[in-house]
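Here's the structure we're looking at; comments come further down.
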Amino acid sequence: MADFDFDVIVIGSGAGGLAAAAPLAQAGMKVLVCEQHEVPGGWTHSFTLQGYRFSPGVHYIGGAQPGGHMRRVYEGLGVSQDLAFCELNPNGYDHVFIGQERFDFPKGKENLIARLKDRFPHESAGIDGYFNTIAEMMESLRSLGRVKNAGQIPQAVGHAGSVLRWGLRTGQDLIERFISDPTLSKRSSTVC
0 MADFDFDVIV IGSGAGGLAA AAPLAQAGMK VLVCEQHEVP GGWTHSFTLQ
50 GYRFSPGVHY IGGAQPGGHM RRVYEGLGVS QDLAFCELNP NGYDHVFIGQ
100 ERFDFPKGKE NLIARLKDRF PHESAGIDGY FNTIAEMMES LRSLGRVKNA
150 GQIPQAVGHA GSVLRWGLRT GQDLIERFIS DPTLSKRSST VC
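Start counting the sequence shown at 0; every next residue gets the next number (numbering that gives the first Met the number 0).
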């Protein structure tokens with residue numbers, strides 16, 4: 000094989016490009032990763048300016064705890080030992096101001112639902128509907144991701160109703176379907 004012969008050429012060294020290139024290289028393939036930026040990593044890299052560290056893209060990653068789905072991905076790629084994660088503040092890792100009112104987004108879906116219902120008790124049914132629809136979409140996407148051959152596609156699509164219903168619409172459309180309170184609608188749209 001000549002020096003410029005590659006089994007695989009990956010365009011872009013972001014998370015997806017590197018996640019594709021690493022196992023191919025580990026399997027013995029000759030892989031070239033092309034990146035236009037001076038630093039690999041895409042939105043996952045960070046930089047330091049005047050003594051402060053900035054992360055331009057990724058701010059938090061769910062499922063990074065031991066046994067979590069993202070941790071298993073990093074372990075499968077053989078890079079988990081090179082990563083350090085900081086746990087989110089359980090009482091509020093994101094803070095949103097609407098007018099003079101501050102709302103802290105707590106760690107964990109159930110904690111967030113409870114906090115939203117505490118602040119907006121009149122929207123309890125809508126909050127449940129919104130989060131139930133999100134959960135249905137996540138399960139639909141997982142079902143599609145488990146397809147191993149073409150024969151499984153019809154069954155997977157049959158379980159993808161919520162994705163088919165909402166896939167071409169905006170997050171704001173979903174919020175407005177379940178939430179009528181304008182303050183909660185604005186607050187919810189900050190995380191879509």
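Beta carbons are placed, not taken as given, at the ideal position from N, Cα and C, and that holds for glycine.
Of A14, G77 and T47, the smallest CA-CA separation from V57 is found for A14.
In terms of Cα proximity to E135, the closest of A19, G157 and A24 is G157. L48: not part of any alpha helix (DSSP H); member of the beta strand (DSSP E) spanning F46 to L48, first to last residue. For E100, the enclosing beta strand (DSSP E) stretches over residues E100 to F104. In the DSSP annotation of this structure, I60 is not part of any alpha helix (DSSP H), being labelled neither H nor E.
In the three-state scheme derived from DSSP, where H, G and I count as helix and E and B as strand, L82 is classed as coil.
Looking at the backbone, the Cα of H36 and that of L87 are separated by about 30 Å.
Excluding sequence positions up to five before and after T43, its CB lies within less than 7 Å of the CB of G13, A14, G56 and V57, all in the same chain and listed in chain order.
If you draw a straight line from the Cα of E34 to the Cα of S45, it comes to about 16 Å. The alpha carbon of N110 has as its nearest neighbour, out of G11, Q171, I126 and A20, the alpha carbon of I126.
Collapsing the DSSP output to three states places H36 in coil. Nearest to L140 by C-alpha distance, out of V162, I152 and Q154, is V162.
Fully contained in the segment 123-148 are the following alpha helix (DSSP H) runs of length 4 or more, in chain order: 123-144.
The C-alpha of I133 lies about 48 Å from the C-alpha of D2.
By the 16-neighbour rule on beta-carbons within 10 angstroms, R186 is buried. Per DSSP, reduced to three states, the secondary structure at H158 is coil, with no helix or strand assignment. Assigned with DSSP and collapsed to three states, L111 falls in helix.
Shown here, F177 sits in a helix according to DSSP, grouped into three states.
For H121, no beta strand (DSSP E) run applies, since DSSP gives it neither H nor E.
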